[in-house]
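Position in the sequence shown (first residue = 1) + 7 = the working numbering.
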Amino acid sequence: MAEPSPPPASEPPRFDPWSGQRLRGLRFFAVSGAVHAGLLILFGTITLTIARKVEQIKVTVVDDQVGAEQLDGEPSMQDLAGVLNVQRAAPQQARPRGPVVQNVRAPEMPRLAGLGPKLGAGPTIDTVSTTLSFGSGGIGGLGGGFGDYVGGLRKVGLDIALVIDTTDSMQFVIDDVKDKLTQLVTTMQKMVPTARIGIVVYRDKGDDYVVKWSDLSFRTEKLREFLSHITAAGGGDWEEAVKEAMDGAIKELSWRKQSKKIIILVGGSPPHPEDVDDVRAMVRAWHQQGGYVSTVDVTKKMHEEFDHAMWKSLHGKEPFQPSPMPEFYKQVSEVFGDMAKDGGGELIQLDEQKALMKEVVVLTFGSRWKVEMAKFLGELS
């Protein structure tokens, strides 16, 4: 007789939230919902916290060369002066030197199902430097206002070279630069703390020098020392060594790789006729490489000052009656205007109503921002 088979083992009961035990189901969903809500709040808090941290990221200017000067006024070994004399008609090319801005990219931000800010997807500093460009009326870019534009310059750096004619009739320009140089540097660095200024002076072949320069610098001491030995002299003929001066500014100064690079030519004479095409080609090449050239034609102010002095010597205290501008002065405005156009910059004709150092600031940042810069321009007496 067969033994009876054991009864089948009973399966463990499974939880059914929709069964009769509804109270347990409600508790389960309440706990689950609370956990998920807590996780969402936690991830949202982390996202916002990181976003606030990203806003505090600062760009550090570092130096890739021993002895480079710092913003705190440490001595500089590259703050050097150079000279081209009559035996050296063309300066040798020098590789760019000086501090550069390292690549900086905002970190990718965590996103939950489309929630949270889109950070880390914007351009790097490498691409920002290419979007700063001369628009109508000056350097513009970044698609925003003056604050956005200056913010971009603070990231990439700003290098400005003043190229100044120092022949016999230019003493008033030299004196003005000497007097206002400290104010100029201070004003520039209030807007862009990493701004550097260099100075190139020129005369002509047969003079004591053709071109001299003091390298781009954060500080004014070396620049002031350099200018203290510069006076107006020489330049017997009408044309001057504009070609050699521009060549020296482009090749001999230590331009930073990522910086905004601006050359401002201040003069009262055109280049030699045989040099005009070469000068324009040089400026176009400089602009294609990311540099800019603006010009200041001082012939009108030269004429006004000469006219005043001549009238006083001939007529004493009689009411001054200005004479028309000589036709040959138009050569300067024409060539300087072409150079500014080729260099993506602007031409300013200086007169008694315009202060040179204020116009240098306007040319540096662009005349489109003249209203926004009024406060800074007012500091240049």
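Glycine included, C-beta positions come from ideal geometry on N, C-alpha and C. Here the structure is a predicted model, which means the values were calculated and not measured.
The beta carbons of V300 and V249 sit no closer together than 8 Å. For R203, the enclosing beta strand (DSSP E) stretches over residues 202-209. The region 254-270 makes contact with the region 218-237: 3 or more CB pairs, one atom from each, lie closer than 8 Å.
Secondary structure note for Q360: it is in no beta strand (DSSP E), with a DSSP letter that is neither H nor E.
The criterion of a C-beta distance shorter than 8 Å is not satisfied by F372 and L354. The shortest CA-to-CA distance from Y216 to any of V157, I204, D304, T238 is the one to T238.
The beta carbons of V218 and G255 sit about 4 Å from each other, so the pair counts as a contact at 8 Å.
The residue among D304, T193, H236 with its C-alpha nearest the C-alpha of K361 is D304. For I257, the enclosing alpha helix (DSSP H) stretches over residues 249-259. A straight line joining the alpha-carbon of I206 with that of I48 spans about 57 Å. Of the residues assessed, H236 falls on the exposed side of the cut-off, its CB having fewer than 16 other CB atoms within 10 angstroms. If you draw a straight line from the Cα of L357 to the Cα of G158, it is about 30 Å long.
The beta-carbon separation of L234 and K185, rounded to 5 Å, stays under the 8 Å limit for a contact. Pairing K324 with E359 gives a Cβ-Cβ distance that is not under 8 Å.
For S224, there is no enclosing alpha helix (DSSP H); the residue is found in the beta strand (DSSP E) stretching over 218-224. Counting only residues of its own chain and dropping the five nearest sequence neighbours on each side, P278 has a CB closer than 8 Å to the CB of E246, E247, A248, V249, K250, V286, V342.
If you compare the alpha carbons of I171, T227, R161 with that of Y209, the shortest gap goes to I171. Taking 8 Å as the cut-off, the Cβ atoms of V199 and L160 count as close.
Where D345 is concerned, the enclosing alpha helix (DSSP H) starts and stops at 337-349. In the displayed model, K264 falls within coil according to three-state DSSP, outside both helix and strand. CA-to-CA, the gap between P331 and S374 works out to about 28 Å.
For I171, there is no enclosing alpha helix (DSSP H); the residue is found in the beta strand (DSSP E) stretching over 165-172. Between A202 and L230, the CB-CB gap reaches or exceeds 8 Å.
DSSP places S276 in the coil class of the three-state scheme, outside both helix and strand. Annotated three-state conformation of I237 is coil, per DSSP. Residues W376, E379 of the same chain have their beta carbon placed closer than 6 Å to that of F153, with the five preceding and five following residues left out of the count. According to the DSSP assignment, V305 belongs to no beta strand (DSSP E), since it is labelled neither H nor E.
Taking a C-beta distance under 8 Å as the contact criterion, M346 and T306 do not qualify as a contact pair. With a 10 Å radius around the Cβ and a threshold of 16 neighbouring Cβ atoms, G213 comes out exposed. Across the structure, K268 and H294 are spaced so that their CA atoms are roughly 9 Å apart. For Q338 and G275, the gap between their C-alpha atoms comes out near 10 Å. A direct Cα-Cα distance of roughly 20 Å separates A288 from D211. In the DSSP assignment, K324 falls outside any alpha helix (DSSP H), carrying neither H nor E.
With contacts defined by Cβ atoms closer than 8 Å, M195 and I204 form a contacting pair. Assignment of beta-bridge partners to I270 by DSSP yields A168, V300. For the options L46, K348, A240, E386, the alpha carbon positioned closest to that of A292 is the one of K348.
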